[in-house]
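Numbered per the numbering used here, the sequence shown finishes at 847, counting up by one with no gaps.
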Amino acid sequence: MKNFNKNNQSIVINSNSKHSHTPMIKQYLLLKEQYPNMLLFYQMGDFYELFFNDAKQISNLLNITLTKRGYINNNVPMAGIPCNNINVYVSKLVKLGKSVVICDQIGNKLLRKGLLERKVVKVITPGTITDEDFLSEHTDNLVASLYEQDNIFGYATLDLASGRFYVSEYYNPELLLSRIQCTNPQELLYPDNFSYMYLISDRKGLNKRSSIDFSACSSKKILKLHFGSEKYKLFEINQDGAALSASGCLLKYVKSMHYNYLHHIRCIKKLNNEDYIYMNVATIKQLDLVENISGNVSNTLYFVLNHTVTRMGSRMLKRWLCMPIRNQLILQNRQKSILELQSHYLELQKLLIRISDLERITSRLSLRTALPRDWLLLRISLRILPKINDLLLKLKSNNLKSLSLLINTYPDLIDLLEKAIAEFPSNSIREGNVIADQYNLQLDQLRTIKSSAHDVLINIEVEEKIKYGINTLKINFNSLIGYYIQISNKYLHLIPKEYIKKQTLKHFTRYTFPSLQQFQETFLTAEFRSVELETILYEELFDLIFPYLEKLQMTSKALSELDVLTNLSERSITLNYVCPILTDKKEIRLKKSRHPVIELLPDVSFVANDINLTQLKTIMVITGPNMGGKSTYMRQIALIVIMSSIGSFVPAKYARIGIIDKIFTRIGSADNVFKKQSTFMLEMVELTSILNFSTENSLVLIDEIGRGTATNDGLSLAWSCLEHLAKNINSMTLFATHYFELTYLSNILSMIKNLFFSVLEQDGKIIFLHTIKPGVSKKSYSLSVAELAGLPNSIISSAKKKLKELDIRLLKNNKSIDIINFISSVEPDKISPREALNYIYLLKNML
């Protein structure tokens, strides 16, 4: 028989079991039934033990010694870790995508006989962790859920460590995939009948759930129960749609993980795709926004911009970069704040750096999982808020004034924390010494008994030495037998009758006696009652702080934004950024623009360049040598647009940026061997996405389309794609190519303009000027680049000779054929005078 009480997370066990094991293993098995797919850490004294398959798993995963223990002819596999080092092991397991259950023993073994009660105190899964020790400081930790209904995908994400609960719907698998990649959940719930496994099959942390968990009826019920019927109506979620099912299953799952106190989850925010600039998976990767190709942040835009001084600010900046917004009013308000903060950022950062991670501390307070250090850090942080508010009140920006209204001061809460929490509390409430002296009279009395224990024990020891003449007599303690006197066997003849033998060793015997037994009972009872009372008082603090939690959440959000804006203000001055002009036109005009990452690399002398994409000239065909700067130029334009779309100033002398709804990139070569996609195939897949989803307000960056196949095939594809972009989409496009033939299109299509990166040739060598100019480059300088790379001179010489031979052969064999084919394809009666002039220009180039 077992009774699992979810409200207080305790498990009452009746050891009657059919299993032929000891009572302890029976207890373990009954607990394990509740969590069949998780690793159960079962406390036994100073160790957490794992048994059966759990022991084998952790032995393989963490290289822990696997032992075994015999119980009634049954050998049970067993592996253990020290209690005081559990976080190290759990952290490793969570990173491997494993879920863990922590089961502690309750009570004191010296005061209780028989089997100790065990209690599940914590369930840790990759997506629902809130402990500071397991979380990345600068990255949100999300659990997500997805559901498909009538070809519509619902996708919900929850950051339990902050309470942010988002839901969105997508009408295309690729749009969903992009959102999953962007949010990168550590745990992803999906129904057992999900038909689109190819979208998620390569992800860690997959968690298959019964399709019943996604039913609209149960989802609606659990959401209404949590938020209240009236508030639930405000969330604008389709009452029978995929978003409802995804969000309902997600909340149900989190509650099942013992998180019943979810007061910090106050709403579900429905994300409207029209509010954000869409970027697909390839774009996010190729632009190195928040992560580079190696999987870390160095040499990314986030790395350059992130000089925030709070952890919650750094996470907010990362969210802004991954989801740039289109609301120009919000962006302009941010710009005004950044501009005004340029005179105050230093003062503010000196104050903000003293603010702890209030966002996650507040969440742990709401979840009732806060550690003593959380209360201490909260107290320190709250003392700083009045100074921040005083500074903000001097500023004029409406946005900053709004933030100051949310950054409340909490005199009553500070007073409570100063009275209740010790100045230097211990790490855990189980260790005691967390509640301050003079906060509770009964606790003070119990502590007096504890503090006098040492003197009492010394007196008992001295009395016994004098009474029986045993000078080596000494009182000690261990957790197995409690307090004892250890006496050398040569003094056994002096042992009085009232001494009670407790343990026999080779050279010593351990005893107790009535006075020592009475001391032990008094002291251990006082110690146990003291910790027990502290625990009760500690739990009461969660009730006392509850009325402040909502305001603390708003304060932490306001402080995060203030930190980001202050940071962007500092960056704008330090890095010489300019405030971009935001317009409602179709345009990107930049003067002396720079790549925000590359310009900061050591030993790099960066050359600034202009760009003028307008309603009349929307497509730039860019030619020039390898290493000339084409890819860098295109990336910097996209990064500047993203920076302007989070409110940041940008690296340029002048910037004027209009409406952008999507950003697409096809830059760089790669393959995907796991999905059996070659470099060329991957290129075509990404190109398909661009052509299918880009609009006239999109920014499209395409680099070297068609190079992975035969020259004529590649040229044909590149020509057709460029023509399609110009005629059918007319998006703002940067199209870099080595196919010089594509530059002819500028004479046929008025929206196309040719640009090229210039080089300087000197004594047979080339110097890359990295300067973009109007016009066309007729040479790729590939052999010169190969020479710079260190290719042997013999190969370079041979290649130059072969190139001349090929040029002559092509000229002889193909020129006449090309001219004949070209002339025969022209129908004079069907072309205008302007088109005739364009054809003459093309013919001239062929000759």
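All C-beta atoms, glycine included, are put in the ideal place defined by N, C-alpha and C.
Taking a 10 Å sphere around the C-beta of F424, we find fewer than 16 other C-beta atoms and assign the residue as exposed.
Note on Q615: under 16 other CB atoms within 10 angstroms of its CB, so exposed under the neighbour-count rule.
Ranked by Cα distance from V167, the first of N272, D104 and Y196 is N272. Minimum Cα-Cα distance from P185 among the listed residues L146, R209, M197 and D213 corresponds to L146. Of all C-beta pairs linking the region 279–294 to the region 390–408, fewer than three are shorter than 8 Å, placing the two stretches out of contact. With respect to Y155, A282 sits apart: the two C-beta atoms are not nearer than 9 Å. In this structure, K778 lies away from F735, with their beta-carbon atoms at least 9 Å apart. With a cutoff of 9 Å on beta-carbon distance, S698 and S731 are scored as near each other. Nearest to N427 by C-alpha distance, out of G97, V597 and D133, is D133. Following the DSSP letters along the chain, one finds T632 inside the alpha helix (DSSP H) bounded by residues K630 to S644.
D140 sits in coil when the DSSP states are folded into three classes, being neither helix nor strand. Taken through DSSP and simplified to helix, strand or coil, F303 comes out as helix.
Nearest to P23 by alpha-carbon distance, out of S59, V101, K592 and L115, is L115. Inclusion of T665 and M634 in the CB contact set at 9 Å is warranted, their separation being smaller than that value. Taking a cut-off of 8 Å for Cβ pairs, the region 373–381 and the region 115–131 do not touch, as fewer than three such pairs fall below it. Straight through space, the alpha carbons of D159 and Q149 are spaced by roughly 24 Å. Between E761 and L745, the C-beta spacing is not below 9 Å.
When the beta-carbon positions are compared, R334 and I646 come within less than 9 Å of each other. Residue nearest to I702 within the set F693, A718 and D713 is A718 (criterion: CA-CA distance).
Scanning the region 557–633 for uninterrupted beta strand (DSSP E) segments of 3 residues or longer gives 588–593, 609–613 and 619–623, listed from N- to C-terminal end. Between the alpha carbons of C267 and L199 lies a gap of roughly 28 Å. DSSP places N296 in the coil class of the three-state scheme, outside both helix and strand.
Between L691 and A726, the C-beta spacing is not below 9 Å. Across the structure, K285 and S648 are spaced so that their CA atoms are roughly 21 Å apart. Note on D563: 16 or more other CB atoms within 10 angstroms of its CB, so buried under the neighbour-count rule. For the pair L541 and I81, the Cα-to-Cα distance works out to about 32 Å. It is roughly 14 Å from the alpha-carbon of V88 to the alpha-carbon of I102.
According to DSSP, residue pairing for Q105 in a beta bridge involves R118. Leaving aside the five residues that flank N207 on each side, the residues in its chain whose CB is nearer than 7 Å to its CB run, in chain order, E187, L188 and L189. Counted as a single uninterrupted DSSP element, the stretch harbouring R164 is not any alpha helix (DSSP H) but the beta strand (DSSP E) occupying residues R164 to Y170. By the neighbour-count criterion, in which a residue is buried when 16 or more other Cβ atoms sit within 10 angstroms of its Cβ, G628 is buried.
Counting the other Cβ atoms within 10 Å of the Cβ of M312 gives 16 or more, which makes it buried.
With respect to the 9 Å criterion, K122 and Q105 are not classified as neighbours on the basis of their beta carbons.
By DSSP's assignment, F134 forms no beta bridge with any residue. Taking 9 Å as the cut-off, the Cβ atoms of L601 and N306 do not count as close. 9 Å or more divides the Cβ of F194 from the Cβ of L175.
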